[in-house]
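Residue numbers 14 to 780, in our numbering, belong to the letters of the first sequence in order. All residues carry an ideal CB built from backbone N, CA and C; glycine is no exception. As the structure is a prediction and not an experimental result, all values here were calculated from the model.
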Amino acid sequence: MIHEKLLKDLNPPQREAVCHKEGPLLVLAGAGSGKTRVLTHRIAYLARVHKVKPGRMLALTFTNKAAGEMKSRLQSLLADNTGLWIGTFHSMFARILRREAEYLGYAAHFSIYDTDDSQRLIKKIIKELPAEFGNLKPSSVQQGISRYKNDLRSAEEIKAHAVNPIERKVAQVYPEYQKQLKDNNAMDFDDLILKPMELFRAHPEVLERYRSRFSHVLIDEYQDTNRAQYNLVRALVDEHQNICVVGDDDQSIYGWRGADIRNILEFERDFEGVTTIRLEQNYRSTGNILDVAHAVVSRNTGRKPKKLWTEKPVGARPVILESIHELDEAEQIVMQSSAIRAQESITWREIAVLYRTNAQSRALEDAFRRASIPYRIIGGPRFYERKEIKDLLAYLKVIANPRDSNSLYRIINVPTRGIGPVTLSRLTSLANSRGESLYHILAEADQAEGLPDSIAGKVIDFHTMLEELRALSLTESASKVLTELIRLSGYEESLSELDTFEAQGRMDNIAELVGAAQEFSERFTPDNGATCLEAWMAETSLVSEIDFHDPEEDCVTLMTLHNAKGLEFPVVFIAGAEENLVPIVRAFEDTTGAALEEERRLFYVGITRAKERLFLSWAASRRRFSDILESGPSSFLRDIPEELIERHTSLTYRGASSRKLGFSFPGGRGSRPPIGAAPPILHPESTPLEKSSARPAAAGIIEPVFERDQGVDEPAYRKGERVVHNTFGSGTIVQVSPYLDDLKLSVRFDSGFTKKLMARFARLKRE
DNA sequence: CGGATTTAACTTTTT
DNA sequence: GTTAAATCCG
């Protein structure tokens with residue numbers, strides 16, 4: 014029987030969710046409770062048992078990765094899924110928008126702007142506006158407008174309720190921004206949600222088409238939906254109410270992006286006759302890990318009470334790693350990784366290191382590289398956001414969508430071809446006076462006022478080149494257009510002339526982009542008239558690097574906590590579990606406490622990625638920008654009962670024995686015992702602590718001394734100490750900062766100058 | 001007027 | 001350590 018095959022291996026609540034036939038369904042699925050399983054089995058069950066055609070179902074996710082995972086899992090459950098729409102909110106509605114673009118006065122091949130593109134446009138708009146707009150920061154304006162869009166607030170409404178002059182100004186930029194986006198035949202990410210609503214409101218017959226097409230809508234990660242998405246979905250399902258949402262309020266971590274946690278908390282009020290199913294059995298983590306996770310998240314007030322349970326053994330106790338600074342932390346993580354791999358036959362790919370900010374990846378990366386451990390960083394300075402990639406994509410966007418003046422501005426003089434700001438402003442005024450786009454005016458540059466013939470010639474040459482590429486794009490593949498572009502534009506040539514290490518890196522990135530274009534071109538099949546290039550542009554705007562993550566590759570994975578959502582690893586390290594980092598310092602500015610609760614959920618998400626081993630690591634100091642930031646352990650660590658965890662430390666405690674706690678670097682003196690071989694475990698309550706008089710520590714926070722084991726004959730240096738240097742004479746230490754396995758000292762010498770010295774080489778004597 | 005060199009600000013998370 | 005704006009130079 015079909016039913017049995019689809020239902021076996023499901024627990025009773027999962028089964029209930031899968032079999033539910035009609036009407037609104039809320040599945041509260043805790044971390045690791047098998048929600049993807051429920052969604053895919055439900056789609057298959059609807060198709061095979063309730064005879065719903067796959068083409069009448071719409072499944073929405075937040076990431077391409079989640080969509081891809083669902084698609085691949087469905088393959089074995091439902092052989093024929095033709096017409097089934099599975100994808101991210103953004104890509105599915107972009108698909109609808111391309112089909113219906115003309116209703117909105119757009120062309121089907123509109124550009125999709127990322128945050129950076131939007132900011133460029135906003136910067137330009139601010140310049141064109143009166144001087145009093147000059148104090149607006151493009152990035153904050155962009156964020157503000159994005160927020161207004163997500164919250165469905167109109168410019169008028171904002172103006173009416175503006176609490177400060179800045180908000181009033183942003184409200185004035187907003188409509189101009191929308192107008193220029195349209196002039197550029199471009200939409201930003203938020204428009205991909207907002208415009209379908211406009212479309213449906215203005216053209217009920219179009220809404221009716223999609224309403225009747227999709228008889229069942231399923232949404233993953235419902236806690237991440239914003240108001241706009243809620244309204245959009247609501248418009249689609251209002252008649253039949255066959256909406257199934259899966260989510261977990263404890264994993265809502267995108268509030269800053271406009272996600273409205275109320276959507277999931279109030280689902281039962283928003284729809285009538287809601288069936289609610291709770292999935293509380295966790296199939297991922299050991300008991301101890303779940304207990305730690307619960308200890309953390311249960312401190313939140315705005316949550317639906319629940320507790321995950323597991324049939325798995327309690328497992329190893331999670332470990333708290335304490336380090337002097339981020340280099341030490343990275344070193345500890347590397348050593349623990351190696352030890353675990355050796356002792357528990359774990360592969361590199363089963364280990365993940367998670368952190369709050371991308372900036373933290375550098376120290377970790379260096380440590381893994383030095384240890385010759387393969388690693389892979391997900392996210393970070395994202396591939397598609399690198400300058401050279403964005404430049405080339407801007408070219409391609411112009412070729413696919415010549416009205417995209419914003420992209421044209423970006424590349425008109427990249428590489429430099431003698432078209433500077435003055436020429437550009439002359440061309441722009443000609444375009445404005447004729448009411449044509451910048452691209453079209455390029456061909457008539459010779460008619461621009463005050464433009465010397467020689468320069469006009471360059472402009473026309475540039476236009477001719479783009480026209481050639483455009484012609485090429487109509488018949489040839491995206492990869493062909495790209496390779497020709499790289500050659501004709503002189504982009505590659507200008508880089509190779511630089512002949513620097515950095516330029517080589519950029520060339521490698523370009524080669525990677527060509528590879529991606531080839532890969533796309535090979536799988537491209539023409540549909541509804543789009544060219545290969547147009548289709549590729551549509552896709553690249555909506556993919557992220559994590560989508561290309563190959564789980565087969567035997568590498569340690571490094572990524573942000575946000576990126577880790579939806580993933581799982583046998584061994585998880587959370588690096589930087591410090592106050593001011595997790596939770597991030599800005600969370601304290603929010604007086605409602607909502608931001609702090611979101612930080613706690615983020616930490617919870619990180620913890621629940623772990624299947625067997627969990628390490629929570631914090632460092633007493635951390636290099637940030639050019640100075641050193643000192644902090645104590647995250648307050649979230651204090652929520653964890655001491656008996657659930659172990660501690661490994663390389664901190665030195667004032668008042669503790671002078672014997673340092675087994676910390677050293679490779680090449681240093683002494684060695685750290687491998688884990689499992691009776692590691693030094695330090696319980697703070699058993700350690701005699703002496704409070705520093707300068708900076709009283711909060712209760713329960715260990716006060717570390719920034720000092721490492723220097724060996725017998727190499728004393729540690731302290732700020733304020735008087736020292737003597739062989740050549741420079743005597744002076745005072747004004748700054749001490751750890752650098753690799755040494756200390757970097759700033760010494761102000763009595764002769765008046767300050768010098769930075771490495772402790773190891775300076776050979777300083779005490780005065 | 002355009003190109004090159006120097007300076008400054010920057011980092012929370014992302015479709 | 002990175003990129004865009006500011007300043008300088010040809």
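Inter-residue spacing [alpha-carbon to alpha-carbon] between residue i and residue j
{"i": "Pro539", "j": "Glu489", "result": "12 Å"}
{"i": "Thr370", "j": "Val250", "result": "38 Å"}
{"i": "Leu19", "j": "Leu321", "result": "24 Å"}
{"i": "His453", "j": "Pro415", "result": "8 Å"}
{"i": "Ala461", "j": "Arg430", "result": "18 Å"}
{"i": "Met70", "j": "His54", "result": "13 Å"}
{"i": "Arg613", "j": "Met83", "result": "28 Å"}
{"i": "Glu29", "j": "Ile290", "result": "8 Å"}
{"i": "Ile391", "j": "Ala365", "result": "11 Å"}
{"i": "Thr128", "j": "Leu292", "result": "36 Å"}
{"i": "Arg439", "j": "Asp459", "result": "11 Å"}
{"i": "Ala380", "j": "Asp130", "result": "35 Å"}
{"i": "Thr513", "j": "Asn426", "result": "21 Å"}
{"i": "Gln27", "j": "Gly45", "result": "13 Å"}
{"i": "Asn541", "j": "Met105", "result": "15 Å"}
Buried or exposed (CB count within 10 angstroms, at least 16 for buried), residue i
{"i": "Ala107", "result": "buried"}
{"i": "Gln517", "result": "exposed"}
{"i": "Gly619", "result": "buried"}
{"i": "Ser492", "result": "buried"}
{"i": "Ser634", "result": "buried"}
{"i": "Thr604", "result": "exposed"}
{"i": "Glu811", "result": "Since the first residue of the chain shown is 14 and the last is 780, residue 811 is not available in this structure."}
{"i": "His661", "result": "buried"}
{"i": "His735", "result": "The amino acid occupying residue 735 in the given sequence is Arg; His does not appear at that position. That one is exposed."}
{"i": "Glu625", "result": "buried"}
{"i": "Gln807", "result": "The structure shown does not extend to residue 807, since the chain is modelled only from 14 through 780, so no value can be given for it."}
{"i": "Gln88", "result": "exposed"}
Local conformation of residue i per DSSP, three classes
{"i": "Ala355", "result": "helix"}
{"i": "Cys32", "result": "helix"}
{"i": "Lys624", "result": "strand"}
{"i": "Glu646", "result": "In the sequence on display, residue 646 carries Pro and not Glu. Note: Pro646 maps to strand in three-state DSSP."}
{"i": "Glu17", "result": "helix"}
{"i": "Phe586", "result": "strand"}
{"i": "Arg86", "result": "helix"}
{"i": "Leu107", "result": "The question names Leu, but residue 107 is Ala in the sequence shown. If DSSP states are grouped into helix, strand and coil, Ala107 belongs with the helices."}
{"i": "Arg375", "result": "helix"}
{"i": "Ile653", "result": "coil"}
{"i": "His661", "result": "strand"}
{"i": "Thr314", "result": "coil"}
{"i": "Arg42", "result": "Arg is not the amino acid found at residue 42; the sequence shown has Ala there. Correct three-state label for Ala42: strand."}
{"i": "Asn295", "result": "coil"}
{"i": "Ser438", "result": "helix"}
{"i": "Leu97", "result": "coil"}
{"i": "Ile829", "result": "No answer is possible for residue 829: it lies beyond the span of the chain, which begins at 14 and ends at 780."}
Supposed close pair residue i, residue j - CB separation, criterion 8 Å
{"i": "Pro326", "j": "Thr299", "result": "6 Å"}
{"i": "Gly579", "j": "Ala79", "result": "6 Å"}
{"i": "Cys568", "j": "Arg389", "result": "4 Å"}
{"i": "Pro67", "j": "Leu41", "result": "Wrong, their Cβ atoms sit about 26 Å apart, outside the cutoff."}
{"i": "Asp233", "j": "Phe75", "result": "7 Å"}
{"i": "Val585", "j": "Ile359", "result": "With a Cβ gap of about 12 Å, Val585 and Ile359 do not count as contacting."}
{"i": "Ala632", "j": "Glu591", "result": "7 Å"}
{"i": "Asn295", "j": "Thr314", "result": "Contact doesn't hold; Cβ gap of about 23 Å is too wide."}
{"i": "Asn163", "j": "Gly271", "result": "3 Å"}
Enclosing beta strand (DSSP E) for residue i [first to last residue]
{"i": "Leu292", "result": "288 to 292"}
{"i": "Leu73", "result": "70 to 74"}
{"i": "Glu565", "result": "No beta strand (DSSP E) contains Glu565, which DSSP labels as neither H nor E."}
{"i": "Gly606", "result": "Premise fails: Gly606 is in no beta strand (DSSP E) and is neither H nor E."}
Continuous alpha helix (DSSP H) stretch holding residue i: start and end
{"i": "Ile158", "result": "151 to 163"}
{"i": "Ile391", "result": "Here Ile391 belongs to no alpha helix (DSSP H), and DSSP marks it neither H nor E."}
{"i": "Ser418", "result": "418 to 424"}
{"i": "Ile412", "result": "400 to 413"}
{"i": "Leu278", "result": "275 to 278"}
{"i": "Asp521", "result": "514 to 536"}
The ligand MN heavy atom lying under 7 Å from the CB of residue i
{"i": "Ile746", "result": "The ligand MN is not among the ligands present in this structure, which contains no ligands whatsoever."}
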